[in-house]
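Going by this note's numbering, the sequence shown wraps up at 316, each residue one higher than the last. The C-beta atom is built at its ideal place from N, Cα and C for all residues, glycine as well.
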Amino acid sequence: MAKGNQSAVTEFILLGLTENPEFQTILFCVFLLIYSFTVLGNLGLIVLIQISPQLHTPMYFFLCHLAFVDFYGASTITPNTLANSLREIKSMPFYACATQVCCFITFSVWELLMLSVMAYDRYVAICNPLLYVILMPRKLCLQMVTSSYIYGLTVGLVQAVATFHMSFCDSNVVNQFYCDDVPLSALACSDTQVKELMLWIIAGFNVFFSLIVVLISYVFIVFTILKIHSAAGRHKAFSTCASHLFSITMYYGTLSFMYLRPKSSHSLDKDKFASVFYAVVIPMLNPLIYSLRNQDVKKAFKKIFDKAHSDNR
4 MAKGNQSAVT EFILLGLTEN PEFQTILFCV FLLIYSFTVL GNLGLIVLIQ ISPQLHTPMY
64 FFLCHLAFVD FYGASTITPN TLANSLREIK SMPFYACATQ VCCFITFSVW ELLMLSVMAY
124 DRYVAICNPL LYVILMPRKL CLQMVTSSYI YGLTVGLVQA VATFHMSFCD SNVVNQFYCD
184 DVPLSALACS DTQVKELMLW IIAGFNVFFS LIVVLISYVF IVFTILKIHS AAGRHKAFST
244 CASHLFSITM YYGTLSFMYL RPKSSHSLDK DKFASVFYAV VIPMLNPLIY SLRNQDVKKA
304 FKKIFDKAHS DNR
């Protein structure tokens with residue numbers, strides 16, 4: 004990163020969601036509650052999948068990694084937000100801000116890719132059930148997850164380096180409650196056209212690629228479900244996709260609101276509140292979505308609960 008940046012700006016001031024002290028206390032309690040549920044929900048789901056042999060299938064293997072990604076994403080943003088809500092001046096050192104940008108972009112790409120991989124897994128399970136074990140071997144699942152992690156981390160590093168290679172001369176006040184790429188770029192006093200073009204190309208490719216995988220997978224899934232004659236069979240096939248569809252709708256809906264609005268209606272203040280849902284709320288909701296309607300998860304949890312209860316007698 005450029006040395007000029009270090010001499011001009013050594014820290015950034017985050018405006019946060021509000022300057023009202025009373026409201027900040029309320030936000031602290033709300034964020035703490037949400038983060039507690041996020042940690043318990045996602046880590047609990049990971050542990051449940053790991054210790055339940057009946058959940059050792061590709062579907063739950065990917066769900067386990069989605070839970071890790073959600074835990075990672077929330078932990079990238081929320082702890083620092085909680086700490087800042089107790090401070091009068093919400094400052095963040097230069098390199099800490101760069102690290103958070105890298106980690107958050109990495110989380111965003113990981114989430115996109117995990118949802119895409121899970122869509123492909125549902126396609127294979129519903130459209131080729133007899134070949135499911137053959138088409139989704141453990142080695143392939145590991146390769147898809149590992150390549151997703153490597154690619155996401157690479158994108159995060161490239162974007163963070165591009166952002167913090169810019170010069171920040173006039174202002175260090177970020178209109179966001181965490182270090183985000185877009186409001187940081189607005190502070191740059193150097194030319195940002197090349198950087199913004201690179202951002203849109205990479206982000207556009209990531210969203211387009213993941214969306215194409217999801218759409219193609221679900222087109223085949225819908226056609227396959229429509230061919231099932233029994234209502235019970237159609238309901239069972241659809242129920243295996245319902246949770247995933249809901250997660251996709253939440254995630255892509257929030258992304259569309261944040262990045263695909265016309266410039267005339269674009270507002271960093273609106274983006275801040277959309278970011279709360281995107282970065283804080285969705286990681287809490289995903290384990291609930293995949294658990295409450297999932298009979299396999301319910302049965303695994305009941306089995307462990309019954310075993311623990313009988314052992315304590």
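Worksheet item: Which class does P140 belong to by DSSP, given the choice of helix, strand or coil?
Response: coil
Worksheet item: Taking C-beta to C-beta, are V104 and D184 nearer than 7 Å?
Response: yes
Worksheet item: What's the C-alpha gap between V197 and N175?
Response: 21 Å
Worksheet item: Are L35 and F180 close, meaning C-beta to C-beta below 7 Å?
Response: no
Practice prompt. Verify whether the separation of the beta carbon atoms of C100 and F223 is less than 7 Å.
Written response: no
Worksheet item: Taking just the CA atoms, how far does T109 sit from L156?
Response: 5 Å
Discussion item. Given a cut-off of 7 Å on the beta-carbon distance, is the pair H247 and M121 in contact?
Written reply: yes
Item to complete: Thinking I231 and A240 are a contact (beta carbons under 8 Å), I'd like their distance in whole angstroms, please.
Response: 6 Å
Item to complete: Compare the Cα-Cα distances from L291 to each of D274, F249, K305 and report the closest residue.
Response: F249
Item to complete: Would you kindly work out how many angstroms separate the C-alpha atoms of Q1 and I205, rounded to a whole number?
Response: Residue coverage of the chain in this structure runs from 4 to 316, which leaves residue 1 outside it and unanswerable.
Discussion item. If you follow the alpha helix (DSSP H) that S213 is in, where does it begin and where does it stop?
Written reply: 196-230
Discussion item. Quick check: what's the CA-CA separation for P24 versus A165?
Written reply: 35 Å
Worksheet item: Between C32, K142, C106, which lies nearest to P61 when the distance is taken from Cα to Cα?
Response: K142
Item to complete: Measure from the alpha carbon of A163 to the alpha carbon of each residue in L43, L17, E199, I307, then state which is nearest.
Response: E199
Worksheet entry | Boundaries of the alpha helix (DSSP H) in which F15 is found, first to last residue | Taken as a continuous stretch (DSSP letters only), F15 belongs to no alpha helix (DSSP H), being part of the beta strand (DSSP E) at 14-17.
Worksheet item: Three or more C-beta pairs closer than 8 Å, one from the segment 83-93 and one from the segment 145-161: is that the case here?
Response: no
Discussion item. Could you check whether C130 and T227 sit closer than 7 Å to each other, using their CB atoms as the reference points?
Written reply: yes
Worksheet entry | Top-ranked residue by Cα proximity to G256, from V210, F97, S233 | V210
Practice prompt. Report the rounded CA-to-CA distance for N8 versus V42, giving the unit in angstroms.
Written response: Residue placement at N8 cannot be trusted, given a pLDDT of 45 that sits under 50; the coordinates are not used to answer.
Worksheet item: Between the beta-carbon of V284 and the beta-carbon of F171, is there less than 7 Å?
Response: no
Worksheet item: Mapping DSSP to helix, strand and coil, what is S94?
Response: strand
Practice prompt. With F65 as the anchor, note down where its alpha helix (DSSP H) starts and where it stops.
Written response: 61-88
Worksheet item: Going by the CB atoms, is the gap between S213 and Y123 shorter than 7 Å?
Response: no
Worksheet item: Since V177 sits in a beta bridge, which residues does DSSP pair it with?
Response: L17
Worksheet item: CA-CA distance, S10 and F97?
Response: With a pLDDT of 45 at S10, under the threshold of 50, the modelled position of that residue is not reliable, and the figure given next carries that caveat. Whole-angstrom Cα-Cα distance: 11 Å.
Worksheet item: Sorted by chain position, which residues of the same chain lie with C-beta nearer than 6 Å to Y281's C-beta, five sequence neighbours on each side aside?
Response: T257
Discussion item. Please report the straight-line C-alpha distance between N45 and F71, rounded to a whole angstrom.
Written reply: 7 Å
Worksheet entry | Whole-angstrom C-beta distance between L18 and V177, which should lie under 8 Å | 7 Å
Discussion item. Need the endpoints of the alpha helix (DSSP H) that S294 sits in, please.
Written reply: 285-295
Discussion item. At the level of alpha carbons, what is the spacing between F308 and L295?
Written reply: 16 Å
Item to complete: Just tell me which of L30, T102, Y293, C106 has its CA closest to the CA of A77.
Response: C106
Practice prompt. Please say whether Y38 and T79 have beta carbons closer to each other than 7 Å?
Written response: no
Worksheet entry | Beta-carbon separation (whole angstroms), F40 vs M287, contact threshold 8 Å | 5 Å
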